[in-house]
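S.K.:
There are 2 protein chains.
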Amino acid sequence: MSHTSGVRQAQKQQTRQALLDAGLRLLERQNLSSLGLRELTREVGVSPAAFYRHFPGMADLGVALVGESLGSLHAVVRAVMAESTDSEDIIDRTVAIIASYAVEQRPHLRFIARERYGGVQAVRAAIAAELDRFADEVAAGLAAQPASAGWRPDELLVLAQLYVDHMVMTAAAFLDAPADDPTAHEAIVRSARMRMRIISIGRAHWPG
Amino acid sequence: MSHTSGVRQAQKQQTRQALLDAGLRLLERQNLSSLGLRELTREVGVSPAAFYRHFPGMADLGVALVGESLGSLHAVVRAVMAESTDSEDIIDRTVAIIASYAVEQRPHLRFIARERYGGVQAVRAAIAAELDRFADEVAAGLAAQPASAGWRPDELLVLAQLYVDHMVMTAAAFLDAPADDPTAHEAIVRSARMRMRIISIGRAHWPG
DNA sequence: AAAGTCGGCGAACGGTTGTTTACTGAATGA
DNA sequence: TCATTCAGTAAACAACCGTTCGCCGACTTT
């Protein structure tokens with residue numbers, strides 16, 4: 001039986017994390033497919049060969065970054081969906097969360113936006129799978145609301161996907177704006193709220 | 001005074017186009033920032049140095065591809081907006097056009113999706129500018145409709161951006177699906193129509 | 001204390017990259 | 001017809017790439 005947290009494991013985990021951190025830093029300005037292995041190890045301060053002790057290849061580093069970026073969001077999504085007050089409130093809260101995420105986790109979100117349709121198949125697949133899980137969770141949350149009476153499950157899923165896509169789009173909009181421009185920031189918040197409201201109204205009056 | 005269409009010019013234009021075509025072909029499987037200059041000229045069958053007779057650098061090739069991909073769409077958008085029959089009809093027609101574009105212009109759309117948040121600043125800016133123009137055109141079209149009575153211009157623009165973003169998302173969904181799978185194709189068409197309908201209903205009942 | 005594990009290193013490998021240079025030869029304009 | 005323009009070429013440049021190899025030395029197990 002092996003210890004899972006010896007000095008050995010901890011040190012290995014540490015340089016693995018250093019590789020991920022440095023990767024995220026470098027990926028703010030370039031694509032995963034153009035990120036060089038030597039470039040990355042140089043940034044961390046280890047030899048090129050050391051990389052292979054942690055990842056078989058760059059694509060795997062990318063997949064690990066997807067998990068790091070999106071994994072922690074599932075709990076947040078579920079929490080927001082659970083506290084179902086009126087829809088106006090839920091819109092404000094959702095937009096606020098996306099906004100704060102776009103500020104605090106900027107590099108992570110940038111990475112996701114950039115690689116969602118990027119050149120690395122495995123990473124694209126990982127992101128798509130993660131977003132599908134989000135859609136499922138949102139659909140489950142919607143199903144629990146009274147407003148969903150009369151909706152078929154597949155219709156609810158389409159609506160959930162619409163919400164998820166809209167969240168991603170909003171996050172991407174924050175990334176386009178300069179990080180320290182409160183005016184642009186506020187403008188995005190306002191238009192995001194209006195868009196969500198339009199969708200909510202459409203939902204309430206469905207099917208016309 | 002120089003002729004604009006001598007044999008000279010025509011031949012130059014021809015290899016320029018060959019570079020663009022080969023670029024688009026290679027970019028189906030990779031990012032612009034990882035596309036090598038030599039790789040490209042090898043594909044075309046010219047010497048590496050020849051590239052510089054047509055483009056200062058790869059970024060400029062990318063910007064030219066943006067124009068080629070999105071330029072021809074403006075006329076289409078305007079045409080659809082102009083023939084404003086009932087909204088159900090306009091939804092069907094819009095989705096159909098996106099679907100046909102996704103089939104016929106697959107590489108172009110893939111390029112746009114991939115580079116919209118890609119690693120090359122100039123290309124990102126070119127795509128953003130083009131999409132903003134689309135939003136302006138859609139907003140102008142919406143303003144001409146009776147249903148837009150009582151909408152402020154900035155509200156109309158938000159709505160137009162929502163439509164444009166939705167078109168882009170739908171196009172991207174087609175790219176995710178295999179090119180020759182009619183079932184998946186039809187599923188995307190159906191959900192795209194439903195999403196557009198939700199937005200239209202929300203618009204009709206705005207502001208609640 | 002001895003034996004084993006294993007993360008990190010330095011060196012070397014063949015191959016590719018972007019860019020510049022001086023050039024050739026066909027289309028061009030006087 | 002003759003001089004000029006200029007798209008495309010071949011060659012050379014230094015720099016960089018991903019990957020493999022054997023080795024070392026600190027941690028871990030026995």
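Protein sequence lines correspond, in order, to chains A and B.
Be aware that the first sequence starts at 1, since it is given in the UniProt record's numbering, and climbs by one per residue.
Be aware that the second sequence starts at 1, since it is given in the UniProt record's numbering, and climbs by one per residue.
Every residue gets a Cβ at the ideal spot worked out from N, C-alpha and C, and that includes glycine.
Note that the coordinates shown come from a computational prediction; the quantities given were computed from them, not determined experimentally.
#1: Between the alpha carbons of G150 (chain B) and A144 (chain B), how many angstroms are there, rounded?
#2: Going by Cα to Cα distance, which pick from A:Q17, A:A113, A:A59 is closest to V46 (chain A)?
#3: Does DSSP put D83 (chain B) in a helix, a strand or coil?
#4: Against chain B, with Cβ distances strictly below 8 Å, would L26 (chain A) count as a contact?
#5: By the criterion of Cβ-Cβ separation under 7 Å, what are the contact partners of H205 (chain B) in chain A?
#6: Taking the alpha helix (DSSP H) that G202 (chain B) belongs to, which residues open and close that run?
#7: Span of the alpha helix (DSSP H) holding S72 (chain A)?
#8: Report the option in A:F174, A:Q14, A:T15, A:G23 whose CA atom is closest to the CA atom of E104 (chain A).
#9: At 4 residues or longer, what runs of the alpha helix (DSSP H) sit wholly inside the segment 108 to 143 of chain B?
#10: My understanding is that L35 (chain A) touches H108 (chain A), with C-beta atoms under 8 Å, so please give their C-beta distance in whole angstroms.
#11: Around the Cβ of S191 (chain B), are there at least 16 other Cβ atoms within 10 angstroms (buried) or fewer (exposed)?
#12: Less than 8 Å between the beta carbons of W206 (chain A) and I201 (chain B), yes or no?
#13: Could you tell me the boundaries of the alpha helix (DSSP H) in which F55 (chain A) lies?
#14: With 16 other CB atoms within 10 Å as the buried threshold, where does Y52 (chain B) fall?
#15: With H, G and I counted as helix, E and B as strand and the rest as coil, what does DSSP make of G62 (chain B)?
#16: Is the distance from the Cβ of Y117 (chain A) to the Cβ of A172 (chain B) below 8 Å?
#17: Excluding the five sequence neighbours on either side, which residues of its own chain have a C-beta within less than 7 Å of the C-beta of S2 (chain A), listed in chain order?
#18: List the residues of chain B that G118 (chain A) touches, going by C-beta distances under 8 Å, in chain order.
#19: Do you know how far the Cα of Q161 (chain A) is from the Cα of A82 (chain A)?
#20: Using a C-beta cutoff of 8 Å, does V189 (chain B) count as contacting chain A?
#21: For the segment 126 to 142 of chain A against the segment 69 to 81 of chain A, are there 3 or more C-beta pairs whose distance is under 8 Å?
#22: Let me see if you follow: with CB-CB separation under 8 Å, is S69 (chain A) close to chain B or not?
#23: Let me see if you follow: with CB-CB separation under 8 Å, is I97 (chain A) close to chain B or not?
#24: To the nearest angstrom, how far is the alpha carbon of V63 (chain B) from that of E130 (chain B)?
#25: Express the C-alpha separation of G208 (chain A) and R124 (chain A) in angstroms, rounding to a whole number.
#26: Between A102 (chain B) and the ligand ZN, is there a pair consisting of the residue's CB and a ligand heavy atom that are separated by less than 7 Å?
#27: Using a C-beta cutoff of 8 Å, does M169 (chain B) count as contacting chain A?
#28: Contact criterion: CB-CB distance below 8 Å. Does G208 (chain A) meet it with respect to chain B?
#29: Do you know how far the Cα of L32 (chain A) is from the Cα of P48 (chain B)?
#30: Can R195 (chain B) and H166 (chain B) be called in contact, C-beta distance under 8 Å?
#31: At the level of alpha carbons, what is the spacing between R193 (chain A) and E186 (chain B)?
#32: Of all Cβ atoms in chain B, is any one closer than 8 Å to the Cβ of V158 (chain A)?
#33: Name the chain B residues whose beta carbon is nearer than 8 Å to that of L162 (chain A)?
M.R.: Inspection of the coordinates gives the following:
#1: 12 Å
#2: A:Q17
#3: What sits at residue 83 (chain B) in the sequence shown is Glu, not Asp. Coil.
#4: no
#5: I201, H205
#6: 182 to 205
#7: S72 (chain A) -> no alpha helix (DSSP H), and no H or E assigned at all.
#8: A:F174
#9: 121 to 143
#10: Wrong, their Cβ atoms sit about 15 Å apart, outside the cutoff.
#11: buried
#12: yes
#13: Element bounds for F55 (chain A): n/a, residue is neither H nor E.
#14: exposed
#15: helix
#16: yes
#17: For S2 (chain A), the predicted model reports a pLDDT of 42, less than 50, meaning its position is unreliable; a value from the coordinates is still stated below. Cβ neighbours of S2 (chain A) beyond the five flanking positions: none.
#18: N31, R114, G118
#19: 18 Å
#20: no
#21: yes
#22: no
#23: no
#24: 11 Å
#25: 36 Å
#26: As far as ligands go, the structure on display features none, and thus does not contain the ligand ZN.
#27: yes
#28: yes
#29: 25 Å
#30: yes
#31: 31 Å
#32: yes
#33: R195, I198
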